[in-house]
Amino acid sequence: MPPAAADPSEQRRRAAARLLRATGALSTAATARMDASVPWFRELSAEDRSWVGLIVQAGVRGFVEWYGADGGTPGSGPALAGSIFEAAPRTLAGVITLGQTVDLVRLSIEVVESNVDSVLEPEEAVDVLAALLRYAREIAFATAEVYARAAEVRGAWDARLEALVVDSVLRAEADETVLSRASALGWTARGRVVVVLGSAPARRTETDLFDEARRRARAAGTDALCAVQGERLVVILGGVEDPRAAADVVVGLFGEGPVVVGPVAGSLAEAHVSARAAVSALRAASGWPEAPRPVLANELLPERVLVGDGHARRHLVEDVYLRLVGARGTLVETLAAYLAAGGSIEGAARALFVHANTVRYRLRQVADLTGYAPGEPRDAFTLEMALVLGRQSGRRTPARPASDTTTHL
1 MPPAAADPSE QRRRAAARLL RATGALSTAA TARMDASVPW FRELSAEDRS WVGLIVQAGV
61 RGFVEWYGAD GGTPGSGPAL AGSIFEAAPR TLAGVITLGQ TVDLVRLSIE VVESNVDSVL
121 EPEEAVDVLA ALLRYAREIA FATAEVYARA AEVRGAWDAR LEALVVDSVL RAEADETVLS
181 RASALGWTAR GRVVVVLGSA PARRTETDLF DEARRRARAA GTDALCAVQG ERLVVILGGV
241 EDPRAAADVV VGLFGEGPVV VGPVAGSLAE AHVSARAAVS ALRAASGWPE APRPVLANEL
301 LPERVLVGDG HARRHLVEDV YLRLVGARGT LVETLAAYLA AGGSIEGAAR ALFVHANTVR
361 YRLRQVADLT GYAPGEPRDA FTLEMALVLG RQSGRRTPAR PASDTTTHL
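full-length UniProt numbering applies: residue 1 is where the sequence shown begins, and numbers increase by one.
Below is the structure:
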């Protein structure tokens, strides 16, 4: 009469008991294997290495407990698979990458597999190895879930923090706290800063949009902070050399309509000056449909004046009109005559009773002093606006020295 077949449940319990007694040895073997063959493990601090050791031990013990209960049944899932990561703090997810964790799990499984034959009877080892494969698959899913959850939480927090920083800059509240928050988001720029504004694109998620803006900015050697406020996309660029060139890098991410670039600010703490000009310029940009994209805020000074921007008005009076008045009185007279003559040098010369070359010389002086060439229609419009505003102001004192934030670029 053949011997009775062994009860599968009893066999699992016996195998689980043997594995449980060997848990310490298996965990030690796995840790030693990591120390010998995984470079990143050796570079961890002693505290982080101990946490990793706890994860390995919890994983091995979790498998033994699962297998001893019902893990030998095909289709059953390890209830403790996700809980093995609770042995270590959540901060460890910021120290060890997902790829490194996968390496950790793979190595631990390999160590258990290679030691099964020395711990179990041959008939038990076959069933345990099959169960170990199922357990490894479930652990892989649990690992991905832990890191996906951590990334989701971190991404949501970073998005809120970034929106807060951008809002503080636009509201001129960029104090040390805001600068610290920007640093936490990876902002490293110590150089000049500009604010770029335009409409937000349709049918594109903010996460995807911001990631692409930061990728493009990094490729150009600048930093970027982004936010969507209503229908408006705001991009703050740091480490800027040429404001127009910097904005060209991200202009394709904006929706339809004008994209404006504020004047250069010295730092993120002063970026509200750039933001203020950009906001005004975006509001006034419809007055110049042929404007380039992107357009500098200082190229829209006449339109900004017409929508009531006092800063633009003061800019034209102090940095254009009064500079001409303070340099040479005849420059204002010559410019006015040239504009009144419809841009005719000869007509201005006749009105002033001077030679045409004298008019040309004075107009070149106007261009050198202000950055606006009277012979260019757009610049002539700006200069005429400056003359009107200057006369209305009644001021005749010399202009203050122009700062970087008011230079016509």
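For each residue, glycine too, the CB sits at the ideal point set by N, CA and C.
In its own chain, which residues sit with a C-beta less than 7 angstroms from the C-beta of residue i, not counting the 5 before and 5 after it?
i: PRO258; result: GLY198, LEU282, ALA285, ALA291, ARG293 and VAL295
i: VAL254; result: The amino acid at residue 254 is misidentified as Val; the sequence shows Phe. So the list reads GLY198, SER199, PRO201 and LEU233, once near-sequence residues are dropped.
i: ARG360; result: ILE345
i: SER9; result: none
i: ARG396; result: VAL325
i: ALA172; result: HIS272
i: TRP288; result: LEU300 and GLU303
i: ILE109; result: LEU132 and ALA136
i: ASP379; result: TYR372 and ALA373
What is the residue span of the alpha helix (DSSP H) that residue i lies within?
i: LEU322; result: 322 to 327
i: VAL64; result: 46 to 66
i: PRO39; result: 39 to 42
i: VAL359; result: 356 to 370
i: VAL273; result: 271 to 284
i: ILE96; result: Looking at the DSSP string, ILE96 is not in any alpha helix (DSSP H), and its letter there is neither H nor E.
i: PHE381; result: 377 to 393
i: residue 423; result: Only positions 1 to 409 of the chain appear in this structure, which leaves residue 423 out of reach.
i: ARG204; result: That residue, ARG204, is in no alpha helix (DSSP H); it is neither H nor E in DSSP.
i: residue 418; result: Residue 418 lies beyond the range of the chain shown here (1 to 409); nothing can be said about it.
i: ARG314; result: 310 to 316
Quick check on the DSSP output: the beta strand (DSSP E) that includes residue i runs from which residue to which?
i: ALA224; result: 223 to 229
i: GLY252; result: It is not in any beta strand (DSSP E) - GLY252 carries neither H nor E in the DSSP assignment.
i: GLY198; result: 193 to 199
i: ARG232; result: 232 to 238
Pull the bridge partners of residue i from the DSSP assignment, please.
i: ARG181; result: BP columns for ARG181 are empty, so no partner.
i: ALA265; result: VAL193
i: LEU296; result: VAL261
Beta-carbon within less than 6 angstroms of residue i's beta-carbon, same chain only, minus the 5 sequence neighbours each way: which residues are those?
i: ALA227; result: ALA163, VAL166 and VAL234
i: SER280; result: ARG304 and ASP309
i: ALA247; result: VAL196, VAL261 and PRO294
i: PHE210; result: CYS226
i: ALA277; result: GLY262, PRO263 and ALA297
i: VAL38; result: none
i: ALA29; result: VAL111
i: ALA337; result: ALA348, ALA351 and LEU352
i: ARG181; result: LEU161 and VAL165
i: ALA312; result: LEU301, ARG304 and VAL305
i: LEU170; result: ALA275
i: LEU409; result: Below a pLDDT of 50, predicted positions are generally treated as unreliable, and LEU409, at 36, falls in that range; the measurement from the model is reported next regardless. The residues are LEU296.
i: VAL178; result: VAL165 and SER168
Is residue i near the ligand NAD - that is, is its Cβ less than 7 angstroms away from at least one heavy atom of it?
i: SER199; result: Looking for the ligand NAD in the displayed structure turns up nothing, as the structure carries no ligands at all.
To which residues of the same chain is residue i closer than 8 angstroms at the C-beta, ignoring the five residues directly before and after it?
i: GLY129; result: Residue identity differs from the one stated: residue 129 is Leu in this sequence, not Gly. So the list reads GLU113 and VAL116, once near-sequence residues are dropped.
i: GLN365; result: ALA327, ARG328 and LEU331
i: residue 410; result: Limits of the chain in this structure are 1 at one end and 409 at the other, which puts residue 410 out of reach.
i: VAL250; result: VAL196, ALA213, ARG216, ALA217, ALA224, VAL235 and LEU237
i: ASP35; result: PHE41 and ARG42
i: PHE381; result: PRO302
i: LEU383; result: VAL320, LEU335, LEU339, VAL366, THR370, TYR372 and PRO374
i: LEU387; result: TYR321, VAL332, LEU335, ALA336 and LEU339
i: ARG244; result: VAL261, PRO294, LEU296 and LEU409
Evaluate contact between the stretch 310 to 323 and the stretch 377 to 397, counting only Cβ atoms and requiring at least three cross-stretch pairs below 8 angstroms.
-> yes
Three or more beta-carbon pairs under 8 angstroms between the stretch 265 to 277 and the stretch 181 to 196, yes or no?
-> yes
Determine, using beta-carbon pairs with one atom in the stretch 6 to 20 and one in the stretch 43 to 57, whether at least three such pairs fall under 8 angstroms.
-> no
Would you be able to state if there are at least three C-beta pairs under 8 angstroms between the stretch 214 to 224 and the stretch 236 to 252?
-> yes
List in chain order: all unbroken alpha helix (DSSP H) runs of 4+ residues lying wholly within the stretch 8 to 41.
-> 8 to 21 and 23 to 37
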